[in-house]
Amino acid sequence: MKTCPNCNAQNPAEATFCMSCGYDLVALDGTPTPAPTTKLCGKCGVKMPVEALFCSKCGAKYDGGGKDGVGKTMFFGAMQEKGKAKLILIKGGGLEGVSYNLNSTDHFTGRSEGFILFPEDPFCSPKHANFFYFGGKFFVSDEKSLNGVFLRIRSPIEIKDDLVFRLGEQLFRANLVNDFPRLDSLSETDDGTKFLGSPGDDSPSLALTHILEDGRLGPVIYPAKETFTLGREGCDLNFPKDAFMSGKHARITKSGDKYFLADNGSKNGTYFRIAEEHELVHGDYVFIGQQLLRVEITQ
1 MKTCPNCNAQ
11 NPAEATFCMS
21 CGYDLVALDG
31 TPTPAPTTKL
41 CGKCGVKMPV
51 EALFCSKCGA
61 KYDGGGKDGV
71 GKTMFFGAMQ
81 EKGKAKLILI
91 KGGGLEGVSY
101 NLNSTDHFTG
111 RSEGFILFPE
121 DPFCSPKHAN
131 FFYFGGKFFV
141 SDEKSLNGVF
151 LRIRSPIEIK
161 DDLVFRLGEQ
171 LFRANLVNDF
181 PRLDSLSETD
191 DGTKFLGSPG
201 DDSPSLALTH
211 ILEDGRLGPV
221 IYPAKETFTL
231 GREGCDLNFP
241 KDAFMSGKHA
251 RITKSGDKYF
261 LADNGSKNGT
271 YFRIAEEHEL
281 VHGDYVFIGQ
291 QLLRVEITQ
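Note that our numbering numbers the sequence shown so that position 111 is 111, with each residue one more than the last.
Laid out in structure tokens, this is it:
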């Protein structure tokens with residue numbers, strides 16, 4: 001394992017960039033960086049041989065100011081402008097540390113369609129998401145993908161019906177239950193006899209459905225406490241074999257008739273699936289398929 005000197009996160013021995021913060025880890029093992037064999041056109045960003053004098057795509061002359069092909073930045077447009085966003089790939093596809101400057105209006109992302117492609121990720125839809133600007137703000141939208149777009153929770157969020165969230169490798173759907181199905185038996189018979197059952201609670205309940213990797217719906221859990229915890233160990237719901245989950249990873253709290261989901265300061269975070277589109281701010285983390293991206297906005 002490699003310890004990141006920037007954030008102290010543990011990374012696999014073969015990692016070249018920190019999976020938590022994107023810090024360059026190459027220098028830690030003393031391995032010399034190989035000489036670049038390609039470079040990027042300073043005008044259009046296309047990759048070309050290091051010995052090329054002119055860009056094969058736009059014809060621009062290489063003046064020595066281009067970027068080496070082994071660098072970490074891919075440009076979509078000219079120099080990054082103030083207020084524009086950059087996405088840094090934190091985890092996924094073996095390209096950790098690669099960054100994408102977003103200087104156009106729309107930036108579609110997916111497995112095969114768009115500016116930012118993850119062709120090796122089978123959990124990405126062909127056109128999965130769009131990062132775009134509107135009204136001076138930066139947004140991400142789900143382009144009707146199969147697996148959705150997930151945003152890391154910064155502070156507690158209210159649980160709405162059908163909220164889907166993930167922590168570690170676990171995926172859940174939350175539903176607010178205002179009524180339960182009745183037995184076929186009547187609650188009161190014609191002869192005046194009443195049905196004997198447990199005392200009921202008329203306040204809304206919460207049902208958590210565990211969604212399995214093949215799309216099957218797993219066990220349904222009904223949190224019965226004011227604060228219900230989820231994690232690897234010592235919680236109300238435990239996943240001891242999930243290496244990506246912290247000991248006490250997240251919690252669900254009830255306040256009146258409402259429920260809230262919060263992260264417990266876990267290492268890898270808790271994420272919720274956005275409904276359609278969502279505003280992004282500096283420091284946000286977004287999951288698309290198995291790709292984890294960090295948002296940085298130029299100030």
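No residue lacks a Cβ here, since even glycine has one placed at the ideal position from N, Cα and C.
Pop quiz: residue i and residue j are said to be a contact at Cβ under 8 Å. What is the actual Cβ separation, rounded to whole angstroms?
{"i": "Pro-122", "j": "Ser-112", "result": "At roughly 12 Å, the Cβ-Cβ gap does not stay under 8 Å, so Pro-122 and Ser-112 are not in contact."}
{"i": "Glu-169", "j": "Phe-244", "result": "6 Å"}
{"i": "Pro-223", "j": "Leu-206", "result": "6 Å"}
{"i": "His-249", "j": "Leu-230", "result": "6 Å"}
{"i": "Thr-208", "j": "Ala-174", "result": "Note on identity: in this sequence residue 208 is Leu, with Thr being the wrong assignment. The pair is a contact, with the Cβ atoms about 6 Å apart (cut-off 8 Å)."}
{"i": "Arg-273", "j": "Val-149", "result": "7 Å"}
{"i": "Thr-253", "j": "Glu-226", "result": "6 Å"}
{"i": "Ile-151", "j": "Tyr-271", "result": "Reading off the sequence, residue 151 comes out as Leu, not Ile. Contact flag correct, Cβ pair sits at about 6 Å."}
Flag residue i as yes when its Cβ comes closer than 7 Å to any non-hydrogen atom of the ligand NAP, and as no otherwise.
{"i": "Glu-169", "result": "Of the ligands one can find in the structure shown there are none, so the ligand NAP has no counterpart to examine."}
Alpha carbon to alpha carbon, how far is residue j from residue i? Give it in angstroms, no decimals.
{"i": "Val-177", "j": "Asn-264", "result": "25 Å"}
{"i": "Arg-251", "j": "Glu-276", "result": "25 Å"}
{"i": "Thr-298", "j": "Glu-279", "result": "16 Å"}
{"i": "Gly-289", "j": "Ser-125", "result": "8 Å"}
{"i": "Phe-260", "j": "Ala-85", "result": "30 Å"}
{"i": "Phe-108", "j": "Leu-102", "result": "10 Å"}
{"i": "Phe-115", "j": "Asp-142", "result": "15 Å"}
{"i": "Arg-232", "j": "Ser-266", "result": "11 Å"}
{"i": "Leu-196", "j": "Phe-172", "result": "34 Å"}
{"i": "Ser-246", "j": "Gly-269", "result": "9 Å"}
{"i": "Thr-73", "j": "Glu-213", "result": "The predicted model places Thr-73 with a pLDDT of 43, which falls under 50 and marks its position as unreliable; any figure quoted below should be read in that light. Computed Cα separation, rounded: 33 Å."}
{"i": "Pro-49", "j": "Gly-110", "result": "27 Å"}
{"i": "Asp-191", "j": "Ser-145", "result": "56 Å"}
{"i": "Val-281", "j": "Glu-296", "result": "8 Å"}
{"i": "Tyr-285", "j": "Leu-167", "result": "13 Å"}
{"i": "Gly-304", "j": "Asp-106", "result": "Residue coverage of the chain in this structure runs from 1 to 299, which leaves residue 304 outside it and unanswerable."}
{"i": "Glu-81", "j": "Phe-139", "result": "17 Å"}
{"i": "Ile-153", "j": "Phe-287", "result": "12 Å"}
{"i": "Asp-242", "j": "Ile-221", "result": "18 Å"}
{"i": "Gly-305", "j": "Ser-104", "result": "Examination of residue 305 is not possible in this model, given that the chain is present from 1 through 299 alone."}
How far does the beta strand (DSSP E) with residue i in it reach, from first residue to last?
{"i": "Gln-291", "result": "291-297"}
{"i": "Ile-304", "result": "Outside the modelled stretch of the chain, which goes from 1 to 299, sits residue 304, for which no answer is possible."}
{"i": "Val-281", "result": "Unbroken run through Val-281: none, as it is neither H nor E."}
{"i": "Asn-101", "result": "99-102"}
{"i": "Thr-386", "result": "This structure leaves residue 386 out entirely; the chain is present only between 1 and 299."}
{"i": "Arg-166", "result": "163-167"}
{"i": "Leu-171", "result": "170-177"}
{"i": "Ala-262", "result": "258-263"}
{"i": "Ser-266", "result": "No beta strand (DSSP E) contains Ser-266, which DSSP labels as neither H nor E."}
{"i": "Ser-155", "result": "Here Ser-155 belongs to no beta strand (DSSP E), and DSSP marks it neither H nor E."}
{"i": "Ala-129", "result": "129-134"}
{"i": "Phe-139", "result": "137-142"}
{"i": "Phe-123", "result": "No beta strand (DSSP E) contains Phe-123, which DSSP labels as neither H nor E."}
{"i": "Phe-115", "result": "No beta strand (DSSP E) contains Phe-115, which DSSP labels as neither H nor E."}
For a cutoff of 8 Å on Cβ pairs, would you count residue i as touching chain B?
{"i": "Arg-251", "result": "No chain B is part of this structure, which consists of one protein chain only."}
Check whether the segment 237-247 touches the segment 79-90, taking contact to mean three or more Cβ pairs, one atom from each stretch, closer than 8 Å. no
Do three or more CB pairs link the segment 122-136 to the segment 158-168 at distances below 8 Å? no
Kindly provide the ranges of any alpha helix (DSSP H) runs that are 4 or more residues long and lie completely inside the segment 181-250, ordered along the chain. none
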